[in-house]
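Reading through the structure tokens given below for one structure.
Chains as they are written, first to last, in the working numbering: chain W, 39 to 363; chain L, 39 to 363.
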């Protein structure tokens, strides 16, 4: 593992606790060989034996006994170097890094394919929901007509609180920052960048073509007022930050799709309207299956750890589908 | 394929329409070689070329070019013979037959394992939801604490209509039979047998041990009155037929679980309460991921076809997990 923060600690804890269970189900005993961290003596929410720690990520990636590299540092700098170095050695990589995938996914999946290595990213979108696997495998016989999702827990928490308390955006944001539901610098979430990364990944996956983030319309929630929320409520709607991939037409074997992130009115009777607080919910409509809906925690230590922990070294057929994202 | 009825027609149509799409995603081009039906000249909702039809299921199972046998006849007689004959030849089998799996699953998975063949059953529970795959793979690093599901669309439709219209059970049942949402003999659904089969399958899968259906408590909805529904509503609940697998305790590496099907009060604020009409919804709580929730069509031509169509001959790692259910 590279990264021993909140999510890294969650992954360590989950594997420490359930390794035998996972082995009984998959035939593979996961063992964490080494964890690269910023500093050996940082305070951690989950205790990790010092003998596993190193401050040099190359000690993880270059260790010949390491078969799978889990990248959990975030950002698009070191994280990219780590992933490229691992893939170039033919090692499987697991990442939760949606910003990196959205901006450099085309490069990363190309390198993965060239080196016959697998790149897994279940935790990058809606961490606690096995959504990537469901789109890639469970619903594989469907042409996707619409994917609409509440994929940013911070925004959804703020909008839910604004409706419940009748408070304005700034007031609720401050409360969310105090409670740890929003970052000190909240722009990544409230301006829609995070949801934008995630919906770009889902669009790329569903249509097997690279969707460049700069072509995707993005609008956040920072200009939403208490009056907006109340008016929507009176009209029978909930206001949610929704990421949407919509199939527009198909001509000469080419699919035209519209991808966007924006505050959206959802009828109170639709199941997406019942997704409140920090939870995520994604509706997927396929031409064969009609509408399916997935719900769960989108982020946080354990939800992301659950998604990260699903991958094991002899995981099959992943290279093909993943590498072509 | 063995069986050319409603679901069989749906599978044929889905593969006919999306075979190239599926091939582009999986690398496998599905081709339907032969379909065994009761009579060649039966009326069908989906047109199937007569050249594909036969009335002898052995012509399907014994054809050396057939690699995967899809069993869609239902029941526990011929269906069992078909599946055993295919597995004994080492052929993969796909089935939507929950009654057969619940009653003979132990035998079928044993034969599958002995012959190194795979037995897939995604469509047997909550057809339109990739639930089996999510429990087996997507949530594999979780110990399951609770699985609670609305898994019978007929019962859910009846209870939804009773609440919406204020009518009694008998009246709504008749209307459901007229609309095709309930069978002429409704006992399999309304007495909870169908949900009972499904929750037994989910319990067996989640705990990797055979859960004998006769040990599972079962209660249907036929004695529910309009007054019951109204009283629940006034108290802030919805009444749903719920299948539940509940982890009770773990002692000396042995899990004690409670499995049951019964009308259950659900707080109106819980997401399961928003599952209305013929839809299915299943909440899965894991020790790592916390609560996740899956929603979609449970039955019908297309939803079941979507689940059935997900499996392809070189589907990986399935034998191990499946064979031990």
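For glycine and all other residues, C-beta sits at the position ideal for the given N, C-alpha and C.
In this text, all values refer to a predicted model and were calculated from it rather than measured experimentally.
Query	Result
Straight-line gap, residue 352 (chain L) to residue 346 (chain L) (C-alpha atoms, nearest Å)	Annotation note: pLDDT 36 at residue 352 (chain L) (below 50); position unreliable, coordinate value reported separately. Near 15 angstroms, if we compare the C-alpha coordinates of residue 346 (chain L) and residue 352 (chain L).
Residue-level contact to chain W via CB, residue 331 (chain L), 7 angstroms cutoff	yes
Proximity test, Cβ basis, 7 angstroms: residue 189 (chain L) and chain W	no
8 angstroms Cβ cut-off: residues of chain W touching residue 238 (chain L)	Correct list: empty, because the minimum Cβ distance to chain W is about 19 angstroms.
Contact residues within the segment 241 to 254 of chain W, judged by C-beta distance below 9 angstroms to chain L	246
Span of the beta strand (DSSP E) around residue 320 (chain W)	317 to 324
Residue 202 (chain L) to residue 145 (chain L) span [Cα, whole Å]	44 angstroms
Test: residue 130 (chain L) CB closer than 7 angstroms to a CB of chain W	no
Between the CA atoms of residue 117 (chain W) and residue 111 (chain W) - distance to the nearest angstrom	6 angstroms
Residues, ordered as in the chain, of the segment 134 to 167 of chain L that lie near chain W by beta-carbon distance below 7 angstroms	166, 167
Close beta carbons around residue 341 (chain W), own chain, < 7 angstroms, minus the five adjacent residues each side	165, 166, 334, 335
8 angstroms Cβ shell around residue 210 (chain W) - same chain, five flanking residues per side excluded	196, 199, 200, 203
Bridge partner(s) assigned by DSSP for residue 304 (chain L)	L:276
CB contact check: residue 261 (chain W) to chain L, cutoff 7 angstroms	no
Closer than 7 angstroms to chain L by CB, residue 172 (chain W)	yes
Residue from L:295, L:343, L:258, L:237 whose Cα sits closest to the Cα of residue 251 (chain L)	L:237
Chain W within 7 angstroms of residue 344 (chain L), Cβ atoms only	yes
Run of the beta strand (DSSP E) containing residue 109 (chain L), from where it starts to where it stops	106 to 109
Within 9 angstroms of chain W by C-beta, residues of the segment 60 to 77 of chain L in sequence order	60, 62, 63, 64, 65, 68
Closer than 7 angstroms to chain W by CB, residue 47 (chain L)	no
Cα-Cα separation, residue 130 (chain L) to residue 50 (chain W)	37 angstroms
Residue 333 (chain W), DSSP secondary structure in three states	strand
Nearest-angstrom Cα separation, counted from residue 68 (chain L) out to residue 60 (chain L)	8 angstroms
Proximal residues to residue 262 (chain W) (C-beta, below 8 angstroms), its chain only, five neighbours per side dropped	197, 200, 207, 277, 301
Beta carbon proximity, residue 117 (chain W) to chain L, threshold 7 angstroms	no
Chain W contact for residue 349 (chain L) (CB, 7 angstroms cutoff)	Note on residue 349 (chain L): pLDDT 48, under 50, position unreliable in the model; the coordinate value appears next. Not one chain W Cβ lies under 7 angstroms of residue 349 (chain L).
Among L:64, L:99, L:83, L:122, nearest to residue 174 (chain W) - alpha-carbon criterion	L:64
Distance, residue 147 (chain L) Cα to residue 189 (chain W) Cα	38 angstroms
Interfacial residues, the segment 266 to 284 of chain W to chain L, with Cβ spacing under 7 angstroms	none
Proximal residues, the segment 182 to 208 of chain L versus chain W, C-beta separation under 8 angstroms	none
Residue-level contact to chain W via CB, residue 337 (chain L), 7 angstroms cutoff	no
Chain L within 7 angstroms of residue 327 (chain W), Cβ atoms only	yes
Reduced DSSP secondary structure (H/G/I, E/B, other) of residue 133 (chain L)	strand
Residue 27 (chain W), DSSP secondary structure in three states	Absent from the structure is residue 27 (chain W), since the part of chain W shown begins at 39 and ends at 363.
Delimiting residues of the alpha helix (DSSP H) encompassing residue 62 (chain W)	44 to 64
Below-7 angstroms beta-carbon distance, residue 108 (chain L) vs any chain W residue	no
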